[in-house]
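K.L.:
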Amino acid sequence: MAWYPENCPLCAAPVGFGLNSISEPACCPSCGCRIEGAKLLLEFWKREQTAIELSLSRPLTLETRLRELASDSLVVVELVMLLEGEAIILVPDTDYEVLSQSQTVRELLSRLSHFVEAP
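For the sequence shown, position 76 (counting from the first letter as 1) is numbered 1549 according to the numbering used here, and the numbering increases by one without interruption.
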């Protein structure tokens, strides 16, 4: 089996892809994100960061702590809704609690990467 090294789009850790890894989504061994989902979310994030910042009234980076954005838990829901406008993200209501445990924007995108459908 041949391996093609690539870096994780969210944490930049080296990730290896094998030729027979098509059957299962590849995940980063460091941060746990689903690589393909994270790529889609990060592309959108980079393209729409200014609009996201304006809608949340704060400058944001991937290291921004979510608790700094607002005092209520709707910030995660609002951010997910913004991302849903661009990508197909299927998050069951029961999993919003797991998403709300994210500490940073990077961690939220990592967790969301598992719910993103490829276009």
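The C-beta atom is built at its ideal place from N, Cα and C for all residues, glycine as well.
Owing to the predicted nature of the structure, the values given are computational and were not obtained by experimental measurement.
1. Compare the Cα-Cα distances from residue 1503 to each of 1520, 1483 and 1521 and report the closest residue.
2. Indicate the three-state DSSP secondary structure (helix, strand or coil) for residue 1567 in the structure shown.
3. Between residue 1555 and residue 1562, which are expected to be in contact by the criterion C-beta below 8 Å, what is the C-beta distance as a whole number of angstroms?
4. Should residue 1528 go down as buried or exposed, given a rule of 16 or more other Cβ atoms within 10 Å for buried?
5. Kindly provide the ranges of any beta strand (DSSP E) runs that are 3 or more residues long and lie completely inside the segment 1500-1529, ordered along the chain.
P.N.:
Quick answer:
1. 1483
2. helix
3. At roughly 10 Å, the Cβ-Cβ gap does not stay under 8 Å, so residue 1555 and residue 1562 are not in contact.
4. exposed
5. none
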